[in-house]
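Visitor: Pasting in a structure now, in C-alpha cells, and then I'll have a few things to ask.
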Amino acid sequence: MTRRRRDFKEDNNPGEKERRHRDQELKPLYKELLYTIAHKLGKPSSAEVFTNEQLCCYIMEAFTLTESEHSSLTQKVLTTQPPVYCLMATVKEAKGILGKDISGFSDPYCLLTILEDENENRTRSSRNKHLKFVVKDAVSDEKICKTEVKQQTLNPIWNQSFVLEFDSTEGVSFHLEMWDKDEEVSLAQKLEDLKTNFHSLRRMLKDAKKEKGEDDFLGKIVLKLKDLHCSEDHWYDLEPRTETYPDRGQCHLNLKFIHKERDETLSAGRSAYVNYCGILQQFVQSYIAKQQDSVPWKGELSGEGQTLLELYATQNNLSPFLQDLAKWVAYSKLYRSLEVDSSVLFQQLTSIEYHWHQQELPYLQKRELGDSLHSFLQHGLCLVSKYRDIFPPTQSATPRLHTLLRVLVQICKTRAFQKLNPDRFELQDQVSDAVQTGTQDWFAIKKSLHQPMTKDVSEIVSALSRLIGEVQEDIKHNKNVWNRVFVSAVQLDVFTVVYQKLDSLLSEEVRSTLSLSDGQMEQTLANSLFPLYMSLQAIHRDKAFQQNRGKVLELTNFHEAFREALPYWLNQAFSTTQDRVERAVQVDQLQPLQSMGSVPVKHSSSAVDLVACIQPVCQLWEQLSWPDPEEAFMLMVKLTEDLCKIVVTYCQILKERVRVLSEHSDHGVAINMLCVVVNDLEHLRSILTRLPTQLNWAGLQDRTRHTIGESQFHNTLHSQLQQAQAVLSREIRSALDTLGKQLNTDIETHVKSMSTRSRIPSKSTEDAVVPLMRYLEKELHYMNKNLVQENFNSLLSPLWINSVKILHQVATQHQQREGLMVFCQRLLYTLQCLEQCFHAEGNGLPLETLHSDEYKTLKAHLTHNVLSSQKLVEKFLERKVLEQNVYSGEKYGAVTLLTSYRRSDHRLRVEVLNAAGLLPMDSNGSSDPFVQLCLEPRHVFSEVEPRRTQIKRCDLNPLFEEAFEFLVSVEQCQAPGACLVVTVLDYDTLTSDDFEGEAFLALKAIPGVGGGRRDEAAVDGAAYQPDVEPAQIRLPLTHPLPNDDCILKLLESRRGEREAQAFVKRRRQREKQSQEGIQQP
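Sequential numbering from 0 applies to the sequence shown in numbering that gives the first Met the number 0.
Structure representation (C-alpha cells):
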C-alpha cells in the first residue's frame, strides 16, 4: 500500500519523477561514459580526434547535467578500480603464403604475443647468431598464444580469437609470427614425393641441412599498439626476416582494444548491451533536440557521440550484431515519439539480416529482437491505417510512406522475424485490413464534420454533397498519388481497396438520404440533387481504374435514385436557356460583330450568345451519361425537342426585333439589319448541323440498336432536327427573297431599258451594258460584304435564274426583224457579262450552276440570231456532219464511196461504188434507186452543179461503180460547213422520186484536202505533187427529224432572204419525205 501511494505521489509530481529518472537511469550511464573516457584505448575510426575535455563537455550537454553534478560523478569514477587492458586479436585467415614442404604446401600456424620494444631489442643484441624465434625467445610460453596447425595449404583459415593483456600502449607492439610445422617423415615417403614431383628435389636437399624437427619461418606482422585504432579489421602483409622471399602473402586480422575486470559498481546490475542502448537513445534525443528545422532525423550523430559509442562498444566487446540490434531497438522506439526517417530503420534491418547467420544472439537479445520487430510491425500498420493524415499527398510526405512500407516488407522478409515469429504473417492482407479500417474511420470522421444543422431535406442533401466531395478528392489522391506508393512497396492496389470500401459506405449513405426525398420532389430540391449526382457520376467513372473488377459495386445503379429529379433538371435547363436567349436578342442591335483575325464576323451578338446558351444543354447530356439505353433515348428526344423549340423561338423573336429596329430606320440600314438576320440564322443552321455529332447520336444509336429500330431512331430524332432546319431554311429563304426582290426588279428595268428599240442604234453594245453591270457590281459587292458566303450564294442562285429568265423573255418578245441581229448581239454580250459577274473568277457560283438548261437554250438562241443566214447554214451542215459521224446502225441502208482530192488539178473525185440495205419504195417490194451528189453550202459551191448516177431497176443493193469529178479549190473544200451531201432516191415515172436516205461527208475528211501536202509552188503547175490514194468509206443513210431544228426555224423566219428560204425549202421537203418518227405498223 505504501509503495502504491508513493508511485501515485510521484506521478502527480513531474519534478520528482524527473529526479528519479536522472538518478536511476542517466547518472549510471554518465559514469559509464566517464569511465570509458578515462580508460580509452586506441584511436577512433573517425578522422576527427577529440580530447577528453571535449568528450566530457559533450556528454554533460547531452545528459543535461550541471557542472557540480559532473564534478561529483567524475570524482566517483576516479576512485573506481581500473580495468585490465587487453587486445583481442582474431586471426581469421591468410592467403598466398610460402610453400615450405616438398609437396609445395605448408602446415602453417601462428604465434601471437605483446612484446615491449626494449625486450625485443635486448633479445636481438644478446644473440650472436641471427635467429628467427623472436617471440619464443623474448617472452615466456604462457604469454604466447598459438593457433591451430592447418595441414597442407597456402590459404589457411583459422577464425580463432585470443586476448592479450598489456599495461600500456606506449613502447609496446603486437607480434604475430607464422610458421610451417615440420613433422618427421619416413625415407620411403620422401622418395615417393620425389617420384611424383622432381621440382621438390631442391627443397628436400634444403631440409636435409636443417636440424631435426625445426619449423620453417613463413612471415611476421609487428604493429605498435599506440598506432592502432580501437577496432581494426584489415589484411596485413607478412614481412620477411631477410630479403630472400620478400612476397610472403597476407594475413587477415581483427584487432580490438577491450577491458577486462571493468568496475561493476558504475551501473550495478546492468549489462553493457543495456547501457549501450540507453547511451545511444540519449545521444539521439540530444542531437534531434538541437536541430532547428523540422526535417526528419536520418541517423546523424555528432562526432563526439559517434566516438564515445565506438569506444564503449569496443571496450565492452560488443559485437557489431549487438550494436546494430541496439540501434534498431533504440531507433524503432524513437520513431514512435520523434520524427525519424524510415530509411534509418531500413538500414538497421539490412545490417541485422546480414549478421543473423554470422553470430548467434543471446536468448534475451533474441527475444528482445522478436518483440521489437513485432511491436514495430503493429505500430507501422497503425500508421498505415492513418496514412491520409500522417503522409499527405505531397512530394515530401509520400516518400516517407514508401520507406515505411519498405521497412514493414523488410521486417517480414528477414530470417530473424520468420524465425522468432513462427505464425504465418501475410503483410499484404494486414496492410489491406489496416487501409480498410483507416478508411472507415476516416469516413466516419468526415461524416461527423459534415452533419447537417437541421433536419431539412435540402440541408441533409447539401451535407451529403459536401461529404461526397471529400470522398471524391480522397479517391483522386489514392488513384494519382498513394496507389503508386503501395503498389511499389507492397504490391497492393490500394485504390481498389479504398474505392470498394468507400463504394459500400457511400451507397448506404446515399440510399438513406435520398429516401427522405420520396414524394417531396420539387425544383429547389432537384437543383440541390444535381451536384450530388455529378459527384457520384465522377466517382462511379473511376471504377475503370480498378485492377480487380470482379466485385459488383453497390453504386452501380445509383442513377435510379435520381430518376424523379430528372424532369426537373431538364426543365431547369430549358427555361434557363430560353430566358438567356430572350435577353440576348433584346440587347442585340443587329450589327455585325468586330472581326476576329483575318475572317470577318458577319453575324450579331445574339447568334454568339445563342450558341453559348445551347452549349450547357449539350453539356447536360454529357454530364448525365444516363446508363439505361431506352431512358437515355427518351432523354435525348426531350433534349432535341427543347433545342428545336429554342431555335424556333429565336427565329420568332429575332424577326420581331428586326421589325422594331427597322421601323424608324432608312432603307439602307434596314437592308443591313436584314443581312445580319440572315447571317444569324445561317450561323444557327450550321450549329444545328453539327448537333448530332456534338450529342454523339451515333453512339446512342449503337447502344439502343437492340431495343430501338433504326427507322424509329431516324423518324424521332432526325425528323425533329429536320423540322427545325426547315424552319430556319424557310426563314432564310424568305429574307433572301426580300433582299432579291428589289434586285430582280432593277435588273429587269435595266435590261428592258437597254433593249428599247429607239436606243438600239444610239449606243454601242458595251455602252448599253455598262449601267446594268455597274448596278450589279455595287449591289453584289454590298451583299457579299454583309452576307456570309452560304447566304450570298443562296442569294446569287435565284438572282441568276431570274436574270436568265428576264433575258429570255426580252429576247423572245422582240418580234420585229429590223435590228434583231444587233439586239441579240447586245443580249448575248449582256449574258456573257452576267456570267462573268456571277462566277467572279471562281469566287461566286460554280460554272455547273450557271450553265443550266435555260442558260444553254438562251445562249443558243442568241448565238444563232447574231449569225448571218450563210453562217447559220454552215452551222447546220457542221452539225449534220457531226451527227453522221456518231450515227450507228444502217436502218435505212448505206452507200459506199471512194473519194480523193487531187491538188494538182484541183479536182474532187467521188466514185459511187454501191448501196446496200435500201428500203423497198415501190409496190412490188423493190426500188429503182439512183444516187445524187451535191456539194454544200451553195454559197460556197454556187457554180458546181449536182451530179447523179444511173438508175438501177428493181434492186435494193445496187452496184453503181460510177465516178464523178468536181472542179473545186482547196479553200472551198476547207470552208466551214463544206460537205458532200449524198442522197439516195427511188425513181418514179409518174410521181416525184421517193426519198431513200441521205448522208453527209465533210470534205476535210477526204484524202488530199485536210491531210495532204499543200501545193507550195502553185505557179503554172511548175511543181509536181503526187496524188494521194483514194479512201473508201461506207456512210449509213439517215432520215431527218421533222420540225426539230432551231436553225431551220430561225432561217425560216428570215423571209426576205431568198437563199435562206431556198435552203429551208429543200430541208423541209426532205423532212416531209422522212420516215423518222413514223411508227411502223
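Ideal Cβ positions, reconstructed from N, Cα and C, are used throughout, including at glycine.
Owing to the predicted nature of the structure, the values given are computational and were not obtained by experimental measurement.
Residues in its own chain within less than 7 Å of glutamate 789 by CB, not counting five upstream and five downstream?
Guide: On the sequence shown, residue 789 is found 790 positions in, with the first residue counted as 1. Excluding residues within five positions, the ones whose Cβ falls inside 7 Å are Glu681.
Visitor: Going by the CB atoms, is the gap between valine 484 and valine 430 shorter than 9 Å?
Guide: Numbered from 1 along the sequence shown, position 431 holds the residue referred to as residue 430. Numbered from 1 along the sequence shown, position 485 holds the residue referred to as residue 484. For valine 430 and valine 484, no; Cβs fall outside 9 Å.
Visitor: Which partner residues does serine 514 have in the DSSP bridge list?
Guide: Along the sequence shown, one-based indexing puts residue 514 at 515. BP columns for serine 514 are empty, so no partner.
Visitor: Which of helix, strand or coil does DSSP assign to cysteine 85?
Guide: Numbered from its first residue, the sequence shown carries residue 85 at position 86. Reduced to three states, the DSSP call for cysteine 85 is strand.
Visitor: Touching or not, the segment 102 to 119 and the segment 165 to 182, by the rule of three or more beta carbon pairs under 8 Å?
Guide: With a cut-off of 8 Å, the segment 165 to 182 and the segment 102 to 119 count as touching, because enough Cβ pairs lie within range.
Visitor: Quick one: what's tryptophan 234 bridged to in DSSP?
Guide: If you number the sequence shown from 1, residue 234 lands on position 235. DSSP output for tryptophan 234 lists His251 as bridge partner(s).
Visitor: Under 9 Å, do histidine 558 and tryptophan 625 count as touching if we go by C-beta distance?
Guide: Within the sequence shown, numbered from 1, the residue matching residue 558 stands at position 559. Within the sequence shown, numbered from 1, the residue matching residue 625 stands at position 626. In this structure, tryptophan 625 lies closer than 9 Å to histidine 558 by Cβ.
Visitor: Residues in the same chain with beta-carbon distance under 7 Å from isoleucine 287, minus the five sequence neighbours each way, listed in chain order, please.
Guide: Position 288 of the sequence shown, counting from 1, holds the residue named residue 287. Only Trp296 and Leu337 meet the Cβ criterion.
Visitor: I'd like the list of long-range same chain contacts for serine 1073, defined as Cβ closer than 8 Å, with 5 residues on each side in sequence excluded.
Guide: If you number the sequence shown from 1, residue 1073 lands on position 1074. If we look at serine 1073 and ignore the five residues flanking it on each side, its Cβ neighbours are Phe994, His1038, Pro1039, Leu1040 and Pro1041.
Visitor: To the nearest whole angstrom, what separates the beta carbons of aspartate 1044 and phenylalanine 875, a pair I think is in contact under 8 Å?
Guide: Along the sequence shown, one-based indexing puts residue 1044 at 1045. Along the sequence shown, one-based indexing puts residue 875 at 876. At roughly 7 Å, the Cβ-Cβ gap stays under 8 Å, so aspartate 1044 and phenylalanine 875 are in contact.
Visitor: Using the Cα positions of arginine 1067 and glutamine 1031, report the straight-line distance between them to the nearest angstrom.
Guide: Numbered from 1 along the sequence shown, position 1068 holds the residue referred to as residue 1067. Numbered from 1 along the sequence shown, position 1032 holds the residue referred to as residue 1031. Distance between the alpha carbons of arginine 1067 and glutamine 1031 is about 31 Å.
Visitor: If you run the structure through DSSP and keep just helix, strand and coil, what is aspartate 370?
Guide: Locating residue 370 in the sequence shown gives position 371, counting from the first residue. In the structure shown, aspartate 370 sits in a helix (DSSP, three-state: H, G or I).
Visitor: Reducing DSSP to helix, strand and coil, say where cysteine 953 ends up.
Guide: Here residue 953 refers to the residue found at position 954 of the sequence shown. Coil, per DSSP.
Visitor: How many Å lie between phenylalanine 104 and lysine 94 at the Cα?
Guide: The residue given as residue 104 occupies position 105 in the sequence shown. The residue given as residue 94 occupies position 95 in the sequence shown. Computed Cα separation, rounded: 12 Å.
Visitor: Between alanine 583 and leucine 619, how many whole angstroms is the CB-CB distance? I'm expecting something under 8 Å.
Guide: Here residue 583 refers to the residue found at position 584 of the sequence shown. Here residue 619 refers to the residue found at position 620 of the sequence shown. Not a contact, Cβ separation roughly 19 Å.
Visitor: If the criterion is Cβ atoms closer than 9 Å, does the pair histidine 401 and alanine 488 meet it?
Guide: Position 402 of the sequence shown, counted from the start, is the residue given in the question as residue 401. Position 489 of the sequence shown, counted from the start, is the residue given in the question as residue 488. Their beta carbons are under 9 Å apart, which means histidine 401 touches alanine 488 by this criterion.
Visitor: Per DSSP, cysteine 381 forms a beta bridge with which residues?
Guide: Counting from 1 along the sequence shown, the entry for residue 381 is found at position 382. DSSP output for cysteine 381 lists no bridge partner at all.
Visitor: Spatial neighbours of glutamine 724 within its chain, please: CB distance less than 8 Å, with the 5 preceding and 5 following residues excluded, ordered by chain position.
Guide: Taking the first residue of the sequence shown as 1, we reach residue 724 at position 725. Hits under 8 Å: Arg684, Leu687 and Thr688.
Visitor: Assuming valine 943 and leucine 955 are in contact, meaning their beta carbons sit under 8 Å apart, how far apart are those beta carbons, in whole angstroms?
Guide: In the sequence shown, the residue the question calls residue 943 occupies position 944. In the sequence shown, the residue the question calls residue 955 occupies position 956. At roughly 30 Å, the Cβ-Cβ gap does not stay under 8 Å, so valine 943 and leucine 955 are not in contact.
Visitor: For the beta strand (DSSP E) holding methionine 177, just list the boundary residues, first then last.
Guide: For this step, residue 177 is matched to residue 178 along the sequence shown. First-last of the beta strand (DSSP E) with methionine 177: 171 to 179.
Visitor: Measuring only the C-alpha atoms, how far is glycine 1020 from arginine 1054?
Guide: By one-based count along the sequence shown, residue 1020 stands at place 1021. By one-based count along the sequence shown, residue 1054 stands at place 1055. At glycine 1020, the pLDDT of 44 sits below 50, so the modelled position is not reliable and the matter cannot be decided from this model.
Visitor: With threonine 895 as the anchor, note down where its beta strand (DSSP E) starts and where it stops.
Guide: As a working note, residue 895 is residue 896 in the sequence shown. Unbroken beta strand (DSSP E) run through threonine 895: 893 to 901.
Visitor: Write down the C-beta distance between leucine 217 and arginine 247 rounded to the nearest angstrom, noting that I regard them as a contact closer than 8 Å.
Guide: On the sequence shown, position 218 is the one that residue 217 refers to. On the sequence shown, position 248 is the one that residue 247 refers to. Rounded, the Cβ-Cβ distance is 6 Å, consistent with contact.
Visitor: Opposite aspartate 985 in the DSSP bridges: which residues?
Guide: Sequence index remark: in the sequence shown, residue 985 carries index 986 (1-based). Bridge partners of aspartate 985: Pro928 and Asp993.
Visitor: Should the segment 26 to 42 be regarded as contacting the segment 76 to 87, the criterion being three or more beta carbon pairs within less than 8 Å?
Guide: Touching, per the Cβ criterion.
Visitor: Is DSSP giving serine 887 helix, strand or coil here?
Guide: On the sequence shown, position 888 is the one that residue 887 refers to. Coil.
Visitor: So, with DSSP's three-state summary, where would you put phenylalanine 940?
Guide: Here the question's residue 940 lines up with position 941 in the sequence shown. Of the three classes helix, strand and coil, the one that applies to phenylalanine 940 here is coil, per DSSP.
Visitor: Tell me the residue span of the alpha helix (DSSP H) that contains threonine 112.
Guide: Walking along the sequence shown from the start, residue 112 turns up at place 113. Segment 107 to 115 is the beta strand (DSSP E) holding threonine 112; no alpha helix (DSSP H) there.
Visitor: Valine 769 CB to nearest chain B CB: under 9 Å?
Guide: No chain B appears in this structure, which consists of one protein chain only.
Visitor: Starting from the C-beta of proline 451, find all residues in its chain whose C-beta is less than 6 Å away, skip the five residues before and the five after it, and write them out in chain order.
Guide: Taking the sequence shown and counting its residues from 1, the one referred to as residue 451 is at position 452. Closer than 6 Å at the Cβ level, and outside the excluded window around proline 451, lie Glu458, Ile459 and Ala462.
Visitor: Sort Leu589, Ala606 and Leu699 by Cα distance to methionine 633 and report the nearest one.
Guide: Here residue 633 is taken as the residue at index 634 of the sequence shown, counted from 1. If we check each option's Cα against that of methionine 633, Leu699 comes out closest.
Visitor: Look at the alpha carbon of valine 803 and the alpha carbon of leucine 833, and state the distance between them as a whole number of angstroms.
Guide: Taking the sequence shown and counting its residues from 1, one reaches residue 803 at position 804. Taking the sequence shown and counting its residues from 1, one reaches residue 833 at position 834. Approximately 9 Å between the Cα atoms of the pair.
Visitor: Report all residues from its chain with a CB closer than 7 Å to the CB of valine 1008; omit the five preceding and five following residues, and keep chain order.
Guide: Here residue 1008 refers to the residue found at position 1009 of the sequence shown. Here the set comprises Tyr900, Val969, Cys972, Gln973 and Leu1002.
Visitor: When the Cα atoms are used, what is the spatial distance from cysteine 144 to glutamine 23?
Guide: On the sequence shown, position 145 is the one that residue 144 refers to. On the sequence shown, position 24 is the one that residue 23 refers to. Those two C-alpha atoms are separated by around 42 Å.
Visitor: If you check the beta carbons only, do glycine 892 and leucine 917 fall under 9 Å apart?
Guide: Reading the sequence shown from its first residue, position 893 is the one you call residue 892. Reading the sequence shown from its first residue, position 918 is the one you call residue 917. In this structure, leucine 917 lies closer than 9 Å to glycine 892 by Cβ.
Visitor: Where does aspartate 679 land, buried or exposed, given buried means 16+ other C-beta within 10 angstroms?
Guide: Within the sequence shown, the letter at position 680 stands for residue 679. Counting Cβ neighbours within 10 Å, aspartate 679 comes out buried, since at least 16 surround it.
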